[in-house]
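Beneath this line is the structure, given in structure tokens, with notes to follow.
In UniProt numbering, the protein residues as written are 1 to 240.
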């Protein structure tokens, strides 16, 4: 986690690093698996430091309150969503109550589809945001933890309508001024931020923690992005 002193890499450089790693034998599938495993471990350590490495049973303590440990994970259709599917699988395996929200329909990349299929086979609830947008607020209000895996380094331009609606719901129900504390984790980059330039969309997800993969990106060091990134942590994905 303590890699913040290293030089950041641009989104294009990160693509090239992953490409070289894949050519060298570390497959894209394995990198996604490693990213999700590391992110889930970081989330677990931060929320439950006293039970690190243990499987949760019955009630869990989140943010100082005796809650059931309800987690909502918003997955996009690309590889950032694939990372989210791995996190969903791992947190569910540790005893948390996980719901996956399809923020932009079914996954489209081969690696993300494979990770999603494992989650589906295990019976973890999955709902489509576009079809059930009206019910999402109630689901989020009951959650203790939210994970944003909608966009990573690939975002630029405008948020699609349903993704924007999801980001708005996350921000409105997980506000830091809320009476019920819930933590928001973004994977790699909060949805709505350009990984190189920042340029926050008006509905950019406001995370308490951002788990950057392999190295930080330029956005993680921009002053204008700090309110959205929260505390930035770095997770290895198997690349030296």
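Backbone N, C-alpha and C fix where the C-beta goes; we use that ideal spot for every residue, glycine too. Predicted model, so just to flag it, every value in this text is computed and none were measured.
Counting C-beta neighbours from all protein chains within 10 Å, is the total for residue i 16 or more, i.e. buried, or is it exposed?
i	result
residue 104	buried
residue 120	exposed
residue 33	buried
residue 214	buried
residue 227	exposed
residue 137	exposed
residue 38	buried
residue 18	buried
residue 264	No answer is possible for residue 264: it lies beyond the span of the chain, which begins at 1 and ends at 240.
residue 117	exposed
residue 107	buried
residue 231	exposed
residue 244	This structure cannot settle anything about residue 244, because the visible part of the chain is limited to 1 through 240.
residue 207	buried
residue 183	buried
residue 224	exposed
Just list the residues that DSSP pairs residue i with in beta bridges.
i	result
residue 183	145
residue 233	211
residue 194	198
For the beta strand (DSSP E) that contains residue i, what are its first and last residues?
i	result
residue 75	70-75
residue 9	Per DSSP, residue 9 belongs to no beta strand (DSSP E) and is neither H nor E.
Return the first residue and the last residue of the alpha helix (DSSP H) that residue i is part of.
i	result
residue 30	28-47
Minimum length 4: unbroken alpha helix (DSSP H) runs contained in the segment 118-173: The alpha helix (DSSP H) runs lying completely inside the segment 118-173 and spanning 4 residues or more are 133-141, 161-173, given in chain order.
Entirely enclosed alpha helix (DSSP H) segments - the segment 82-113, minimum 4 residues: Counting only runs of 4 or more, we get nothing.
Touching or not, the segment 151-168 and the segment 195-207, by the rule of three or more beta carbon pairs under 8 Å? Counting C-beta pairs closer than 8 Å gives three or more between the segment 151-168 and the segment 195-207, which meets the contact rule.
Determine, using beta-carbon pairs with one atom in the segment 137-156 and one in the segment 186-200, whether at least three such pairs fall under 8 Å. Short answer: they touch.
Three Cβ pairs or more, each shorter than 8 Å: is that satisfied between the segment 69-81 and the segment 141-152? The segment 69-81, when compared against the segment 141-152, does touch it at the 8 Å Cβ threshold.
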